[in-house]
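In mature numbering (1 follows the signal peptide of the UniProt record, and there is no 0), the protein residues as written are -17 to -1, 1 to 704. Beta carbons are placed, not taken as given, at the ideal position from N, Cα and C, and that holds for glycine. Before any comments, here is the structure.
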């Protein structure tokens, strides 16, 4: 009853968030203008049995055998490649050095110890041994066309009889509260929009990051989505407070660019889409399912590949718009877009115009989980992330090389303008204050349990969540521990620290008030980030049967598996070993250095010169071994003759599952390949016997020989990756 009273009070509560912050450079949909100073109420109705199904499928990140990853080979490789950079975690996370399900391992509540036939692992997706759905990659596991929608806004109620509803957000199902995708069918629209997203942004504590990023883009007049806020009910059950966002789909393109049923909108959702023919010709997908001719797309990628300067692509590619978005990524510490993970963007060519670069998904911005970007498996990582130079922040990209690193003059001017116009404390701090007070009562309501102790919309009840105190503090200057075990910089602190760094590095005339080291701000010590005492990034662990080899003090996560994790380098114990099950491909092992080891954080590249003496030591040569199946070659058992059901296929063949031992097993027989004339021998490395690619450079594709602990060249008989 108390909650119902509070919800009713919200209907009359009004603190306007409308200001002149966004300005008039971008014409937004009426929906977002109306919700500038009012939180819309969305009421969805669907059959009760489907609501029950939705609740069930939203919890598929709980323990179960991993799905194998949507396009990744089985992982769980011995020890992996030395620690996922979150910050200062010793030991291992999957395929980045250890063990989380579908990335090679076995952590409780993250895919767990496998209870077939359970759901898929956390980062799975495509390969679903019976009954699973992975979390990353299988975005629309629940979808219904049997829903209706009623929206209360601007003193009116708009009803829609035909609504498609699906679970949304590639990673939201690892959190307690889920996101939803909505599509109004028929001829109706909601104040200029037919498709939109309701996102809890449960990754971060403030409910402000996505909104603030969209507002910055809108203020600058960039082609971009918009965002505001809404509350959600499903079958009269209050689901909580959400960020209301545009969805970059064909109707959005039509509304924004007057381009109906466009054939030139490509979503680059998978990682490592570097905008090259090799990575993105198939890695980015046309949103118009009727399009079968992608020659225009291939032409763009071919031109980008061949370009040596901006002049080579200026006629087909909006270079200034791209560089503006790259400036944003750098300033915001954005790790989940082009510069680092290489995904979560669209490419679009308007009629009679140049290709545009469009970003989406902003819950990991402005210092949130920022350590994810600093380099998988790097040693001696500098954790002062706001002080990273641009070269230290970006991964190796051909476009970045020719447009920025070779001559940064044009980019530097664009970045300076971005800082002057919007990314500065004098502009953003008042906007944060304004938005924070606008959403305060809704956030407070989201943190109040009902009479049964349940919180609004938390369908994954085992997942962690942020407190009201963390919301209050992280919106300001206090950095906090994230629910993913990483660090979220205080929203204002990141802006201040990055502003100070770029003002100095780019020799800008900046506001002396914020450059003053005596500028005062408060920190909430009760919720401030605490280093959990995990060590640095692990090296390669050998095969074994127990916990990861961590050093120092501190407790590793329980679990373990068949393979040990990497060795923690600092004050803390490494995560326990990579789990029983193969996982997604991930980023692979740490590339051995090509020159004298350095303490700087330059992008990691595979070897191109004589092998370094700092690479992991090789074991004593083993006697030649005969393998029965390809799985044995990478450390797994072959399936028995009668076990022929295929649950996953990758570059190492078909995979089955042994439900007696709860382990993956290989089906495809091992056949010796005819070696090429080995191109990598000239660089001091043998050629690989399998086809798993971890890195690519100008020399070719590189795999890794986990038996001899060294890089190897991918041979030409392997399929194109």
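Quick one: Cα of residue i to Cα of residue j, how far?
i           : j           : result
residue 201 : residue 427 : 28 angstroms
residue 652 : residue 637 : 9 angstroms
residue 304 : residue 615 : 49 angstroms
residue 137 : residue 213 : 13 angstroms
residue 195 : residue 415 : 8 angstroms
residue 149 : residue 36  : 11 angstroms
residue 334 : residue 242 : 7 angstroms
residue 707 : residue 147 : Only positions -17 to 704 of the chain appear in this structure, which leaves residue 707 out of reach.
residue 73  : residue 366 : Unreliable placement is indicated for residue 73, whose pLDDT of 31 sits below 50; no coordinate value is reported for it.
residue 509 : residue 429 : 21 angstroms
residue 3   : residue 678 : 47 angstroms
residue 620 : residue 647 : 8 angstroms
residue 701 : residue 258 : 22 angstroms
residue 220 : residue 486 : 49 angstroms
residue 269 : residue 316 : 28 angstroms
residue 181 : residue 273 : 27 angstroms
Tell me which residues share the same chain as residue i and place their Cβ nearer than 6 angstroms to its Cβ, disregarding the 5 neighbours each side in the sequence.
i           : result
residue 332 : 247 and 338
residue 447 : 466
residue 383 : 377
residue 626 : 639
residue 688 : 695
What three-state label does DSSP hand residue i in the structure shown?
i           : result
residue 268 : strand
residue 368 : helix
residue 37  : helix
residue 581 : Its pLDDT being 34, under 50, residue 581 is placed unreliably in this model, and the value from its coordinates should be taken loosely. Note: residue 581 maps to coil in three-state DSSP.
residue 384 : helix
residue 334 : coil
residue 16  : helix
residue 206 : coil
residue 644 : coil
residue 305 : helix
residue 542 : With a pLDDT of only 33 at residue 542, under 50, the local geometry of the prediction cannot be trusted, and no value is derived from it.
residue 405 : coil
residue 411 : helix
residue 775 : This structure cannot speak to residue 775, because the chain is shown only from -17 to 704.
residue 689 : coil
residue 660 : coil
residue 486 : helix
residue 637 : strand
residue 469 : coil
residue 214 : strand
In chain order, what residues of the same chain lie with their CB nearer than 8 angstroms to the CB of residue i, ignoring the 5 residues before and after it?
i           : result
residue 370 : 480 and 484
residue 683 : 662, 663, 696 and 697
residue 462 : 350, 470, 471, 472, 473, 476, 511 and 512
residue 300 : 283, 286, 287, 337 and 338
residue 478 : 349, 406, 407, 408, 411 and 412
residue 298 : 337
Run the proximity test for residue i: is its beta-carbon closer than 8 angstroms to any non-hydrogen atom belonging to the ligand ZN?
i           : result
residue 389 : By its list of ligands, the structure shown contains no ligand whatsoever, and the ligand ZN lies outside what it can speak to.
Go to residue i, then tell me how far its beta strand (DSSP E) extends in each direction, as first and last residue.
i           : result
residue 149 : 139 to 151
residue 283 : From DSSP, residue 283 is part of no beta strand (DSSP E) but of the alpha helix (DSSP H) over 278 to 289.
residue 23  : 23 to 28
residue 695 : 693 to 696
residue 226 : 220 to 229
residue 324 : No beta strand (DSSP E) holds residue 324; DSSP gives it neither H nor E.
residue 251 : 248 to 251
Just to confirm my understanding: we take residue i, look at its own chain, exclude 5 residues before and 5 after, and list those with CB closer than 7 angstroms. What are they?
i           : result
residue 129 : 29, 30 and 33
residue 458 : 189, 191, 415, 419 and 474
residue 622 : 639, 641, 648, 649 and 650
For residue i, tell me which candidate among the options has the shortest Cα-Cα distance.
i           : options               : result
residue 482 : 498, 610, 244 and 38  : 498
residue 506 : 689, 323, 456 and 500 : 456
residue 431 : 452, 408 and 420      : 452
residue 324 : 299, 368, 376 and 289 : 376
residue 205 : 308, 630 and 418      : 308
residue 24  : 211, 268 and 191      : 211
residue 13  : 173, 423 and 406      : 173
residue 160 : 5, 223 and 176        : 223
residue 15  : 643, 175 and 133      : 175
residue 266 : 378, 249 and 272      : 249
residue 490 : 504, 396, 438 and 454 : 396
Start and end of the alpha helix (DSSP H) containing residue i?
i           : result
residue 193 : 192 to 203
residue 262 : 260 to 263
residue 498 : 495 to 498
residue 452 : 451 to 457
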